[in-house]
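Structure first, commentary second.
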Ligand SMILES: *Cc1c(COP(=O)(O)O)cnc(C)c1O
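Residue numbers (our numbering): 104 to 457.
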């Protein structure tokens with residue numbers, strides 16, 4: 104703390120990202136990155152853009168990327184907002200659409216950036232507990248006064264999927280505030296709510312290229328919704344940073360959307376490894392929540408989760424453990440390659456046997 108700090112800064116509780124250890128030969132299963140590299144076409148487009156062109160500012164509206172995303176999802180560019188990772192998109196969403204006198208509703212077990220943005224923007228958090236099976240119950244959100252609703256689907260860190268019909272039921276009962284569906288993991292087993300944006304002017308869907316498109320290092324995310332919602336986001340963005348996406352990011356992201364075959368192949372491999380890992384964990388006595396994401400959330404009835412995480416780390420395997428009520432006995436394990444999953448299972452076999 105310094106006397107130069109503003110009152111706002113003194114009161115902040117920042118988000119703590121998963122570790123990015125600077126060690127070689129780690130089996131890194133802690134931050135839900137894709138184990139496969141980006142599309143070679145995206146890498147080629149980035150290399151081509153790394154030229155004299157970098158002397159010039161990028162397109163502040165990233166129109167090429169908005170068009171690529173719009174045509175991929177069968178919507179209009181005016182229904183698309185892009186940002187420097189979906190975290191930045193979400194930050195603008197909180198400021199532009201969720202900052203109201205009534206509380207913002209979100210699950211108790213959810214993406215831990217939501218309470219952080221509430222703190223930053225002074226939004227009251229209305230915490231809605233997941234049910235006993237760690238599922239979102241739409242009925243718990245219906246009829247509650249709110250200034251907005253936000254949840255990931257599939258949820259993080261549980262991996263559990265809410266059916267699109269349930270999201271639609273929520274939208275039918277909640278017409279007076281914006282409902283944000285954070286689809287960071289939807290490509291690994293969910294159905295996107297983007298299909299509903301033409302029918303629900305208060306629905307905003309947020310996606311990222313960080314997970315399913317293997318571009319966490321490029322920092323690209325987007326929101327899809329009614330043009331008036333998008334306009335609100337543009338107003339905040341243009342009051343904050345005119346050029347959130349650099350030239351390399353725009354070029355790489357556009358090319359990523361043009362390589363459908365590679366994208367589908369990577370997602371299929373991750374999903375196959377997830378099912379394989381599920382079975383292997385179950386065989387070791389773990390209880391694993393059904394996951395539609397690129398991670399699993401698992402607990403062992405006889406072994407403390409923090410201790411398991413510590414022992415895995417001794418074997419150079421990093422998974423995520425949250426010291427948080429209700430989930431402190433779970434490990435969140437990112438789906439790696441089959442070889443990485445095998446290394447994890449071999450290590451757990453040794454640990455659990457003792
Ligand atoms: C990873 C993640 C994000 C952030 O993704 P970026 O685009 O890399 O900022 C947002 N929401 C959830 C639920 C995530 O897991």
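Every residue, glycine too, gets a C-beta built ideally from N, C-alpha and C.
Exercise for review: Give me the Cα-Cα distance between residue 399 and residue 437, rounded to the nearest whole angstrom.
Suggested key: The alpha-carbon of residue 399 is positioned some 7 angstroms away from that of residue 437.
Check your understanding: Under 8 angstroms, do residue 229 and residue 247 count as touching if we go by C-beta distance?
Key -> yes
Check your understanding: Which residues in the same chain as residue 259 place their Cβ atom closer than 6 angstroms to its Cβ, once the five residues preceding and following it in sequence are excluded?
Key -> 214
Exercise for review: Tell me where the beta strand (DSSP E) around residue 401 begins and ends.
Suggested key: 398 to 402
Exercise for review: Evaluate residue 276 with the Cβ neighbour count: other Cβ atoms within 10 Å of its Cβ, from every protein chain shown; 16 or more gives buried, anything less gives exposed.
Suggested key: exposed
**Study point:** Cβ-heavy atom distance, residue 349 to ligand 1, below 7 angstroms
**Key:** no
**Study point:** According to DSSP, residues forming a beta bridge with residue 176
**Key:** In the DSSP output, where bridge partners are listed per residue, residue 176 has none listed.
Check your understanding: Looking at the structure shown, is residue 234 part of a helix, part of a strand, or coil, going by DSSP?
Key -> coil
**Study point:** Terminal residues of the beta strand (DSSP E) in which residue 131 lies
**Key:** 130 to 132
Point to revise | Cα-Cα separation, residue 289 to residue 155 | key: Going from the Cα of residue 289 to the Cα of residue 155 covers about 37 angstroms.
Review point. Quick one, which of 172, 257, 272 and 262 has its alpha-carbon nearest residue 285's?
Key: 257
Exercise for review: With residue 429 as the anchor, note down where its beta strand (DSSP E) starts and where it stops.
Suggested key: First-last for residue 429: undefined, no H or E at that position.
Check your understanding: From which residue to which residue does the beta strand (DSSP E) around residue 310 run?
Key -> Per DSSP, residue 310 belongs to the beta strand (DSSP E) from 306 to 311.
Check your understanding: Say the cut is 7 angstroms; is the CB of residue 135 nearer than that to a heavy atom of ligand 1?
Key -> yes
Exercise for review: Please report the residue range of the alpha helix (DSSP H) in which residue 454 lies.
Suggested key: 441 to 456
**Study point:** Span of the beta strand (DSSP E) around residue 185
**Key:** Taken as a continuous stretch (DSSP letters only), the beta strand (DSSP E) holding residue 185 covers 183 to 186.
Check your understanding: Just to confirm, are residue 339 and residue 199 a CB contact at a threshold of 8 angstroms?
Key -> yes
Check your understanding: Could you check where the alpha helix (DSSP H) with residue 255 kicks off and where it finishes?
Key -> Counting along the chain, residue 255 falls outside any alpha helix (DSSP H), though it belongs to the beta strand (DSSP E) covering 251 to 255.
Exercise for review: Note down the Cα distance separating residue 170 from residue 202, rounded to an integer number of angstroms.
Suggested key: Residue 170 and residue 202 have their C-alpha atoms roughly 29 angstroms apart.
Point to revise | 8 angstroms Cβ shell around residue 380 - same chain, five flanking residues per side excluded | key: Answer for residue 380: 399, 436, 438, 444, 447 and 448, listed in chain order.
Exercise for review: Report the rounded CA-to-CA distance for residue 107 versus residue 303, giving the unit in angstroms.
Suggested key: 46 angstroms
Check your understanding: When burial is assigned at 16 or more other CB atoms within 10 Å of the CB, is residue 404 buried or exposed?
Key -> exposed
Exercise for review: Go ahead and label residue 190 buried or exposed: buried means 16 or more other beta carbons lie within 10 angstroms of its beta carbon, across all protein chains shown.
Suggested key: buried
Review point. In chain order, which alpha helix (DSSP H) runs of at least 4 residues are fully inside the region 312 to 399?
Key: 330 to 340, 350 to 360 and 363 to 386
Point to revise | Distance, residue 283 Cα to residue 268 Cα | key: Their backbone Cα atoms lie some 15 angstroms apart in a straight line.
Practice item. Return the CA-CA distance between residue 294 and residue 105, expressed in angstroms with no decimal places. Key: 48 angstroms
**Study point:** For residue 386 and residue 112, the rounded distance between their alpha carbons
**Key:** 48 angstroms
Review point. Based on Cα-Cα distance, which residue from 348, 315, 299 and 262 lies nearest to residue 159?
Key: 348
Review point. From this set, 397, 316, 196 and 231, which residue's C-alpha is nearest residue 360's C-alpha?
Key: 316
Point to revise | Rounded straight-line distance, which links the Cα of residue 151 to that of residue 142 | key: Approximately 14 angstroms between the Cα atoms of the pair.
Check your understanding: How about residue 229: is its Cβ closer than 7 angstroms to a heavy atom in ligand 1?
Key -> Exclusion of residue 229 from the 7 angstroms shell around ligand 1 follows from its C-beta lying no nearer than that to any non-hydrogen atom of the ligand.
Practice item. Take every Cβ of the region 171 to 191, pair it with every Cβ of the region 348 to 358, and state whether three or more of those distances are shorter than 8 angstroms. Key: yes
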